[in-house]
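Q: Sequence positions in the sequence shown follow our numbering and run 10 to 858.
Mind looking over this structure? Questions follow.
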Amino acid sequence: MTRGITYLTTTHNVDGSSSQQHSNSLVSQTDQSNATEGEHEPDRIVVQGAREHNLKNVNLNIPRDAFIVFTGLSGSGKSSLAFDTIFAEGQRRYIESLSSYARMFLGRVDKPSVDFIEGLSPAVSIDQKSTSKNPRSTVGTITEIHDYMRLLWARIGVPHCPECGEPASQQTPQHIVDQLLDLEDRTRFQVLAPVVRGRKGEFVDLFANLSAQGFSRAIVDGEQIQLADPPTLEKQIKHNIAVVVDRLVIRDGIRQRLTDSVETSLQLAEGVVVVDFVDIDAHISPDKRNTGDWEAVDEEGRAKFRSFSEKLSCPNGHILNIDEIEPRSFSFNNPFGACSTCTGIGSQLQVDEELIIPDPDLTLGEGAISPWDIGKRTREYWQRLVSGLADEVGFSMDTPYKDLSKAAKKALLHGKDFKVKVSYRNRWGRERRYTTGFEGVIDYVKRKHEEAESDQARDRFQSYMREVACPACGGARLNPTSLSVLVGGKSIAEVSHMPMEDSIEFMQQLELSERDAKIADQVLIEIHARLKFLLDVGLDYLNLERPAGTLSGGEAQRIRLATQIGSGLVGVLYVLDEPSIGLHQRDNRRLIETLLRLRDLGNTLIVVEHDEETIGEADWIVDIGPAAGEKGGYIVHSGSLDGLKDNTDSLTGDYLTGRKEIVIPPKRRPVEKDRQVEVVGARENNLQNVSAKFPLGVFTAVTGVSGSGKSTLVNEILYKVLANELNNARHVPGRHRRVNGLDQLDKVVHVDQSPIGRTPRSNAATYTGVFDHVRNLFADTQEAKVRGYKPGRFSFNVKGGRCEACSGDGTLKIEMNFLPDVYVQCEVCHGARYNRETLEVEYKGKNIS
10 MTRGITYLTT THNVDGSSSQ QHSNSLVSQT DQSNATEGEH EPDRIVVQGA REHNLKNVNL
70 NIPRDAFIVF TGLSGSGKSS LAFDTIFAEG QRRYIESLSS YARMFLGRVD KPSVDFIEGL
130 SPAVSIDQKS TSKNPRSTVG TITEIHDYMR LLWARIGVPH CPECGEPASQ QTPQHIVDQL
190 LDLEDRTRFQ VLAPVVRGRK GEFVDLFANL SAQGFSRAIV DGEQIQLADP PTLEKQIKHN
250 IAVVVDRLVI RDGIRQRLTD SVETSLQLAE GVVVVDFVDI DAHISPDKRN TGDWEAVDEE
310 GRAKFRSFSE KLSCPNGHIL NIDEIEPRSF SFNNPFGACS TCTGIGSQLQ VDEELIIPDP
370 DLTLGEGAIS PWDIGKRTRE YWQRLVSGLA DEVGFSMDTP YKDLSKAAKK ALLHGKDFKV
430 KVSYRNRWGR ERRYTTGFEG VIDYVKRKHE EAESDQARDR FQSYMREVAC PACGGARLNP
490 TSLSVLVGGK SIAEVSHMPM EDSIEFMQQL ELSERDAKIA DQVLIEIHAR LKFLLDVGLD
550 YLNLERPAGT LSGGEAQRIR LATQIGSGLV GVLYVLDEPS IGLHQRDNRR LIETLLRLRD
610 LGNTLIVVEH DEETIGEADW IVDIGPAAGE KGGYIVHSGS LDGLKDNTDS LTGDYLTGRK
670 EIVIPPKRRP VEKDRQVEVV GARENNLQNV SAKFPLGVFT AVTGVSGSGK STLVNEILYK
730 VLANELNNAR HVPGRHRRVN GLDQLDKVVH VDQSPIGRTP RSNAATYTGV FDHVRNLFAD
790 TQEAKVRGYK PGRFSFNVKG GRCEACSGDG TLKIEMNFLP DVYVQCEVCH GARYNRETLE
850 VEYKGKNIS
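Structure below.
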């Protein structure tokens, strides 16, 4: 492994000069000329003496404004150099260039373990971590496309009536008068001012005030009354009151009087006037008389009332509550636009019968209803209660749930209004009777979920619930008024629901007036560009309303990449972590072209990658190795692709040239047809009622283009069913009919892209459980037994055996206010993490540290 290798390191002298000495730092011959310190190279990024993690004091010189790939074995040090050294230092320098006030609001970045770096730009990291789990965060909000769409709908959107779908428009008093004068001659009508619309109260003072102003008539809840003798209204009932401002007949010479009457009505009713055509025999239906609705049609289909508004008015007379349309009207994170039922989430938790009764073949006596089958006392209580319900409704406790009548199932699920008689024997054998209500299992689960004070209890009852679209907005997240504003005949929610390809086609085919085109031109350019970027990175199957929490790590990374391209930044250092992960080969070419476009804007790209096609497109390749862990951390090659292939010390070069290869076995392990797990009728997300068989005892790959439904089938359905059955988990699996073959398994383990560590103290030994065995080993030594030490004594997470000066961290943090915190070795344990007494216990001459 030492052919053609020169061992170099740079020693920094006290006077600031440098000299080269032999060391264990491994540098490719092609990189020797690049490892010289002291020469300022404005078009290069120069790294000297990087020692982060397993890096062996490496030196690196790479070009700026280029597409650079860091490759090598997993664990060789690629991320340590790219993220923990180059990106960390670029971010740290940018943050420290800001004022102390600005730095107060930013996270502080530690200085990486490196001697010298120059040529850095402001750095942006795009890794594989999933995006925000906030349910309000969507693909549209992450990419800022939704912000531009809100602006577009606010500026050129056409408001429509949510009731009838007809376009609504703003009207001046003169416009309203002109419309009324266009009526046929001799048309008789009343000008009404709706001063109360669907409000509770007695309105005694209002009647008195109107009478004092000279008004004599009003229409109250559909009936005309004299204001001199007003009715007594019920305080707890909503009422509808309109003042009769004037009574007119269309003829010549009434313009001025009609104008005065309309303006008076608009002033009284805050911009609304209602016209009552007295010759049309129609009445408001009783169920709408107290709601502020002025809809009434005669047998010929003629409307008796017609509403006008200075703001927005429905031509069919529906009352519209539309103020000035603004971008916030289309934000589901703002009360002005959000659906009032789901507050902009778009979904609600609803108790699912399938989850409550997982096995309908069981009888009630056998515990068919899962929420009641917890603990002996709880089970006995519900058995007595249901037995009383069975006597009342007329069903047997020994009948399988699936065979119960509809009336019995309805009573069990939704409860009954009557009281249930319950009898039981107490612990002394005496019979006791009482009567109680029965709320039903669905209401019971809802109530217990709302009343839960602990996360454990809340999660338990939430496991019987499934997220469903909000019944009010249908999952659109916005209120009816916002959804009734259309651009090109579609609401903002409808366009957000389209796949990316359809959304971009819709934007391109918009037919706008000259005025609207001028207003929307720049906004449409921004929307089109961002949608195009998402298509280019292979995300055409997503839509803008897709919740961010449902994205995979690879999808989230490519979305952030598309967002960065859309931002148009120049002179930035981008550090990416395997952007091709999870991407089908069909879409890989488009991803590479996107990366090259980001480079061509004038940016530097450092991409940690294993993909052969991406490596082949790189301007510069840095191969780190030669192996992983302690045997890694060296720069094996830094230069061109041809140089990498010619480097016989590079494992990457060996596999690229074919000197080494992964041999495909000519014969695979046989599949046993009677050993398999089968998912039947999967229909979650985009799965079209599919069925799939997974053979056991073999390596099974589930593949397909991005967005085809792989993760839904495996992670959302198969894994969650297995975890519930085998691990006693309480997941809510995706919709399916059944899963066969569960009896052939005894455990399931799920490995995803989530970080394994929950706390800074977590490490590979504690996570895997190896450290438990190590602690037990030390606790079994003779010295530990003599001292009475248990395994807990050898944990650095609890008091007793750890060093209390540093709380088992081995280092002490010194806060430096607006500078990064400084960590120094603990002066008591010198980094060992344990106290002196614990370290005195040894196993084969070694202590626990």
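Built from N, CA and C at the ideal position, the CB exists for glycine as well.
If you're wondering where the values come from, they're calculated on a predicted model, not measured in any experiment.
#1: For the beta strand (DSSP E) containing P203, name the first residue and the last one.
#2: Could you name the residues of the same chain whose beta carbon sits closer than 8 Å to that of K855, not counting the 5 residues immediately before and after it, in chain order?
#3: What distance in whole Å lies between the Cβ atoms of E319 and Q180, which are believed to be in contact at a cut-off of 8 Å?
#4: Which same chain residues end up closer than 6 Å to V148 when comparing Cβ atoms and leaving out the 5 residues on each side of it in sequence?
#5: Do V477 and Q359 count as a contact pair if the criterion is CB distance below 8 Å?
#6: Quick check on V200: buried or exposed, where buried means 16 or more other Cβ atoms within 10 Å of its Cβ?
#7: Among the candidates V167, D119, E846, whose CA atom is the shortest distance from the CA of S493?
#8: On the three-state DSSP scale, how would you describe M158?
#9: Quick one: using the 10 Å Cβ neighbour count with 16 as the cut-off for buried, is W381 buried or exposed?
#10: Can you check whether the CB of K244 is closer than 8 Å to the CB of G210?
#11: Apply the 10 Å Cβ neighbour rule to A237 and answer buried if 16 or more other Cβ atoms are within range, or exposed otherwise.
#12: Taking L889 as the reference, which of L422, H537, E734, A59 has the closest Cα?
#13: Residues in the same chain with beta-carbon distance under 6 Å from L665, minus the five sequence neighbours each way, listed in chain order, please.
#14: Looking only at its own chain, which residues have a Cβ that is under 6 Å from the Cβ of T273, when we skip the five neighbours before and after it?
#15: Between which two residues does the beta strand (DSSP E) holding H859 run?
#16: Please go through the stretch 414-461 and give each complete beta strand (DSSP E) segment of 3 or more residues, from N-terminal end onward.
#17: Checking 8 Å against the spacing of the C-beta atoms, do A163 and S340 come in under that value?
#18: So, at 8 Å on beta carbons, what are the nonlocal neighbours of L754 in its own chain, with the 5 sequence-adjacent residues on each side left out?
#19: Just to confirm, does V56 get its C-beta within under 7 Å of one of the non-hydrogen atoms of the ligand FAD?
#20: In or out: F216 buried (at least 16 other Cβ within 10 Å) or exposed?
#21: For the candidate residues K640, D194, Q531, A461, whose alpha-carbon lies nearest to that of S83?
#22: Within its chain, find whatever has a CB closer than 6 Å to the CB of H759; leave out the 5 residues flanking it on each side and keep chain order.
#23: Which of the three DSSP states, helix, strand or coil, is assigned to A481?
#24: So, helix, strand or coil for M406, using DSSP?
#25: Does the stretch 388-402 come close enough to the stretch 421-432 that 3 or more CB-CB pairs lie under 8 Å?
#26: Closer than 6 Å by C-beta to R311: which residues in its own chain qualify, once you throw out the five before and the five after it? Chain order, please.
#27: Who are G634's beta bridge partners in DSSP?
#28: Consult DSSP for H894 and reduce its assignment to one of helix, strand or coil.
#29: Quick check: what's the CA-CA separation for Q41 versus K65?
#30: Give me whichever residues DSSP pairs with N552 in a beta bridge.
#31: Which word fits D468, buried or exposed, when buried means at least 16 other C-beta atoms lie within 10 angstroms of its C-beta?
#32: On the DSSP letters alone, give me the boundaries of the beta strand (DSSP E) that G690 sits inside.
#33: Keeping to the same chain, check which residues put their C-beta closer than 8 Å to that of T603; ignore five residues upstream and five downstream.
#34: Is the Cβ-Cβ distance between W629 and I71 less than 8 Å?
#35: Go to P489, then tell me how far its alpha helix (DSSP H) extends in each direction, as first and last residue.
#36: Please confirm whether V258 and F224 have their CB atoms less than 8 Å apart.
A: The answer reads as follows:
#1: 197-209
#2: none
#3: 6 Å
#4: L551, L553, R555
#5: yes
#6: buried
#7: V167
#8: helix
#9: buried
#10: yes
#11: exposed
#12: No answer is possible for residue 889: the residues shown for the chain start at 10 and end at 858.
#13: K654
#14: V254
#15: There is no way to answer for residue 859, as the model of the chain reaches only from 10 to 858.
#16: 425-434, 440-447
#17: no
#18: V686, L705, L731, L735
#19: Absence of the ligand FAD from the depicted structure is noted, as is the absence of any ligand whatsoever, leaving it without description.
#20: buried
#21: K640
#22: Y728
#23: coil
#24: coil
#25: yes
#26: I289
#27: Y643
#28: Outside the modelled stretch of the chain, which goes from 10 to 858, sits residue 894, for which no answer is possible.
#29: Since pLDDT at Q41 reaches only 37, below the 50 mark, its modelled position is unreliable, and the value read off the structure follows with that caveat. Cα to Cα, Q41 sits roughly 16 Å from K65.
#30: P508
#31: exposed
#32: 685-691
#33: F542, D545, V546, L570, A571, I574
#34: yes
#35: 489-492
#36: no
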